[in-house]
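Written out below as structure tokens is the structure these notes cover.
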Amino acid sequence: MKRALLTTACLTCMASPALSQTAAEVLDGYADIAQAGYEDSLATARTLQTRIDALIAAPSPQALIAARSAWLSARVPYQQTEVFRFGNAIVDDWEGRVNAWPLDEGLIDYVDGSYGGPSDENEFAALNVVANPSFTLSGQAIDASAITPALLQDTLHEADGIEANVATGYHAIEFLLWGQDLNGHGPGAGDRPYTDYVQGADCTGGNCDRRAEYLQAATELLITDLEWIVDQWDADGAARATLMEDETAGLAAILTGMGSLSYGEQAGERMRLGLMLNDPEEEHDCFSDNTHNSHYYDGLGIQNVYLGEYLRVDGTLVSGPSISDLVAASDAGLDTDLRIALSDTMHALGRIKTAAEAGLAYDQMLERGNADGEALVMGGVEGLIAQTRHIERAVAVLGLDGVAIEGSDSLDNPTAVFQ
Amino acid sequence: MTAFPSRPLALALLLASPAMAQDLTDPHLQVIPRTEAETARVAEVTALPTDFSAAWPFETNSGGAATVRARLTPDAFSQPSDNMSFERELQFRVGNGLFRRLWVSAPASTIASDGLGPLYNARSCQRCHLKDGRGHPPEGPEDLATSMFLRISIPGSDTDLTHEIEGFLATLPDPNYGTQIQDFSLPGHAPEARMDITYEEVEVALSDGETASLRRPTYALTDLAYGPPHPDAMLSPRIAPQMIGLGLLEAIPAADILAHADPDDADNDGISGRPNIVWSVEYDLPMLGRFGLKAGAPTVREQSAAAFAGDIGISNPLFPGPWGECTEAQADCRAATHGADDEQGGFEIDAEALDLVTFYSQNLAVPARRGVDDPEVLRGREMFFATGCNGCHVPSFVTHRLEDRPEHSFQLIWPYTDLLLHDMGEGLADNRPEARATGTEWRTPPLWGIGMTETVSGHTQFLHDGRARSLLEAVLWHGGEAEAQRDAVIAMPSDDRAALIRFLESL
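Chains as they are written, first to last, in my numbering: chain A, 944 to 1362; chain B, 4 to 510.
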């Protein structure tokens, strides 16, 4: 399904010059939404940086709340860009730097005693870089006396090949602003005191200077990474150029991104797994209890791409030709079905958000025996699954369900195609 | 460590109607039989190539249509089959979640993931299969050995055999330690032992004035917590292998693998090739062994279930003991609180979750090759074949056409393995038989993806115990049936040797 290439049979469906031009416009519109989404992610991350700098300069409960609020705002545009991950190689190779989860937070800072010390599982899970200016990693002495973006990115991130050693990105910053959520399936998120950033005698948690240094380094790195991805989508950016290179592959990338995020990533790994395991830690934003918004804006990103619309953080609407137009031209009924399915999903994800904002956090929904919580989460899962069935139909209608073998040999030499 | 005596040839004669290699079938697959025309196409496309001047059709796609783009990031081995539907990608992603899942001690509020241990090697699959790639030996005395462990057993006798498989070498678990050494444990239990490795450097002279240095390992057990091992105990060090392409290897027709077998070297090329034959717990009949370093497991599901039980201490429908593989002598382990719940069908992981992990493991995709047109790669490929490496590292197969596994159905794949056992000489021997594999035999490992090892794992350590620190060292360790090929590599002009390595790196 992914990176499907045009088959001989469907060359005809792309033969019309008018339609071909529309495809180019659709790709352009999609890239414009991506660019706007990443620009907004960058702008809101810069606000976050300002608030974090203010928190560190003058720690107070208000300054901490202001920083947390900026983090929550920054997630709104970023989550809407997740749909660009699947299908766009440049985004896919990059996103682990900014949005990796789940993470062993003990790598970064102090954790509750019940968290456990270094284990066979991950001897760096309780490394606590904030408290340790030097340590040994895979037999090498590491000088962490200065906590820099380079230390986080090149040395700590995925240390020793363990994926849970997440040292960078939104979730590392989330942990440093909220701390661990020790409430299990009960109400409440992480509750790190602002005094963790107070320098001098009133510092709590120890090493407040190094904690501040870590938070600033992680934020700086996030901004550098977002600047890079914004560049990839501008007029002569590599992501845009790759997308435009081959119209058929580009259209396939759009639908692949929608389908893969809907079905496997979100409905599967992020939602159903948590229900299977009934684990309050199996949620995407586990420190801040913001998972309902992560899911909601992931879903919205999928809908955005289909409709060719994106509401920017300043209230302006980016809109243009969309893949919906292409589907409607071929099969108006399918376009209606898909629009309704996307809308149904947003309704179901909206219910999760409504319940969470009214006080039933996502981790409470995952509790074993919580039938209402399970029904809420399953509503989202079922919506995402249902919409993917229509996305698959759209792939077929647009003639994008060709052979998945790369390279032209398979078309030149059909006797050797093993399909 | 005691060497097992040579193959007991008399064994087969004692059994009434032992399972023979030619009887092996593929009960794990829902096969759509090949037509005659398809059989002819398969023969044509897998015939030994004769033109080495250019890239061959499709060789870029090592895993057929399941091949994925070769990412230049550590996530290169963690992608689903490229030809997978969105719907099945859900199973893959949930399986991934279970693969990275940390198991906890019972009882816990998260009953779906409790039951760890009491003795174990790791708390999750991912902890050994780092980034779905290969493990490595401890990097120093302070480093933990989690992506590597020691298997242990003692010689058995014919009366210990419960199945009739021709040439099966009887072994028994060590009375105190079972079949593998678990070096971690829950509080209140002692870990079984620690693995101690020492290396001795051995210089090898190569042509054109070049040299290489091999490190020869010696293994010992220290901090033994459950008494002495049996005096005849045999140890075998094992690195966690890379996880890519397993579902494709599983889908190769057994008959096509057996077609490469030459147990008595009838063609006098110095290479035997013997199938391992194991008793399948799941299907209750003899099957071709395909997985594990000595091909001791017939299917991905059985291999995964055995790893849950032996490595993590998680009971499952195929290996139901909640104590993992604790022996009767380890009474405290057997008597401990376990994590089996009615919600999981009375197991610590139920059939549904085991199937998800199996599906994930079957569908980790092989990355596409890089630089197939590069002149040095082409020269190296020619050297690979001219030297006869393909005698065991058979380049290509076509998988069965399958009812229920579109990702693996009728794909032309390039694993560079025959999945058969070969005598690799005393230098590599673990002297510990496994099913029909003798103490000097190993299964030919697939070579696809090996050039991505550094990208994925940050190291280049190869062979069953990671002793080789480069592909060249791995080649130089070849002995036994591959001695002639190794000697040829030592003697060939250094440019050709470099090209050969370059070819391997393109896989």
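Where is the CB? At the ideal position from N, CA and C, for every residue including glycine.
Keep in mind it's a predicted model, so treat the numbers as computed, not measured.
Start and end of the alpha helix (DSSP H) containing residue i?
| i | result |
| --- | --- |
| T1199 of chain A | E1190 to S1203 |
| T390 of chain B | P378 to T390 |
| L27 of chain B | Per DSSP, L27 of chain B belongs to no alpha helix (DSSP H) and is neither H nor E. |
| P1004 of chain A | P1004 to Q1023 |
| D335 of chain B | A334 to A338 |
| E476 of chain B | L474 to L479 |
| M1321 of chain A | A1314 to V1340 |
| W282 of chain B | No alpha helix (DSSP H) contains W282 of chain B, which is instead part of the beta strand (DSSP E) from I280 to S283. |
| L1260 of chain A | Not the alpha helix (DSSP H): L1260 of chain A falls in the beta strand (DSSP E), residues L1260 to S1262. |
| Y1113 of chain A | Y1113 to W1121 |
Can you tell me whether DSSP reads residue i as helix, strand or coil?
| i | result |
| --- | --- |
| H1290 of chain A | helix |
| S156 of chain B | strand |
| D1086 of chain A | strand |
| I1051 of chain A | coil |
| E351 of chain B | coil |
| Q1209 of chain A | helix |
| H425 of chain B | strand |
| Q245 of chain B | coil |
| M151 of chain B | strand |
| V207 of chain B | strand |
| G1059 of chain A | Bear in mind that the predicted position of G1059 of chain A carries a pLDDT of just 49, short of 50, making it too unreliable to give a figure here. |
| Y419 of chain B | coil |
| V369 of chain B | coil |
| Q129 of chain B | helix |
Can you give me the Cβ contacts of residue i inside the same chain, cut-off strictly under 8 Å, excluding the 5 residues immediately before and after it?
| i | result |
| --- | --- |
| E55 of chain B | The sequence given here has Phe at residue 55 of chain B, not Glu. For F55 of chain B, where only same-chain residues beyond five positions count, the Cβ hits under 8 Å are L381, R384, E385 and F388. |
| D1145 of chain A | T1138 |
| D433 of chain B | M237, L238, S239, P240, G442 and H467 |
What in chain B is Cβ-close to residue i, meaning under 7 Å?
| i | result |
| --- | --- |
| M1321 of chain A | Within chain B, no residue comes near M1321 of chain A; the closest Cβ sits about 13 Å away, beyond 7 Å. |
| Y1206 of chain A | F89, E90, E92 and L93 |
| G1202 of chain A | F89 |
| E1101 of chain A | P77 |
With residue i as the anchor, note down where its beta strand (DSSP E) starts and where it stops.
| i | result |
| --- | --- |
| T221 of chain B | T214 to T225 |
| W445 of chain B | E444 to R446 |
| F1078 of chain A | S1077 to L1080 |
| S307 of chain B | Note, S307 of chain B: premise wrong, no beta strand (DSSP E); alpha helix (DSSP H) at V303 to A310. |
| G1140 of chain A | A quick correction: the sequence has Tyr, not Gly, at residue 1140 of chain A. Premise fails: Y1140 of chain A is in no beta strand (DSSP E) and is neither H nor E. |
Grab me the residues of residue i's own chain with a C-beta within less than 7 Å of its C-beta, minus the 5 sequence neighbours each way, in chain order.
| i | result |
| --- | --- |
| L475 of chain B | A215 and I504 |
| H396 of chain B | Y419, T420, T447 and L450 |
| D259 of chain B | F400 |
| L227 of chain B | A196 |
| A1087 of chain A | V1072, N1075, P1076, S1077, F1078 and L1094 |
| G159 of chain B | A173, T174 and L175 |
| D1189 of chain A | none |
Nearest chain D C-beta to residue i closer than 7 Å, yes or no?
| i | result |
| --- | --- |
| K297 of chain B | The question asks about chain D, but that chain is absent: this structure's protein chains are A and B. |
Once the 5 residues before and after residue i are set aside, which same chain residues still bring their CB inside 6 Å of it?
| i | result |
| --- | --- |
| D983 of chain A | P1020, R1255 and V1256 |
| G1059 of chain A | Unreliable positioning characterises G1059 of chain A in this predicted model, as indicated by a pLDDT of 49, which lies under 50. The coordinate reading is nonetheless provided below. Nothing listed; no residue qualifies. |
| L224 of chain B | A196 |
| H1100 of chain A | A1110 and T1111 |
| A1304 of chain A | D1232 |
| Q1022 of chain A | S1237, Y1240 and D1241 |
| L991 of chain A | A1013, W1014 and A1017 |
For a contact defined as C-beta to C-beta under 7 Å, what are the partners of residue i on chain A?
| i | result |
| --- | --- |
| G461 of chain B | G1104 |
| G100 of chain B | E1212 and L1216 |
| R72 of chain B | A1032 |
Residue i touches chain A at which residues, Cβ-Cβ below 9 Å?
| i | result |
| --- | --- |
| F362 of chain B | Here the premise fails: no neighbours, minimum Cβ distance about 11 Å. |
| P220 of chain B | Near P220 of chain B there are no residues of chain A at all, since even the closest Cβ is about 17 Å away, more than 9 Å. |
| P436 of chain B | Those within 9 Å of P436 of chain B in chain A number zero; the least Cβ separation is about 29 Å. |
| L133 of chain B | D1103, G1104, I1105 and E1106 |
Under the assumption that residue i contacts residue j (Cβ atoms under 8 Å), give the Cβ distance between them as a whole number of angstroms.
| i | j | result |
| --- | --- | --- |
| G1323 of chain A | H1227 of chain A | Going by Cβ atoms, the distance from G1323 of chain A to H1227 of chain A rounds to 12 Å, so no, they are not a contact pair. |
| L105 of chain B | S127 of chain B | 5 Å |
| A371 of chain B | T63 of chain B | 5 Å |
| V281 of chain B | P266 of chain B | At roughly 17 Å, the Cβ-Cβ gap does not stay under 8 Å, so V281 of chain B and P266 of chain B are not in contact. |
Cβ of residue i within 6 Å of any heavy atom in the ligand GDP?
| i | result |
| --- | --- |
| A79 of chain B | What this structure holds is no ligand at all, so the ligand GDP is not there to describe. |
Along chain A, which residues have their Cβ under 8 Å away from the Cβ of residue i?
| i | result |
| --- | --- |
| R277 of chain B | Correct list: empty, because the minimum Cβ distance to chain A is about 28 Å. |
Going along chain B, which residues have a C-beta under 8 Å from residue i?
| i | result |
| --- | --- |
| T1331 of chain A | F89 and E90 |
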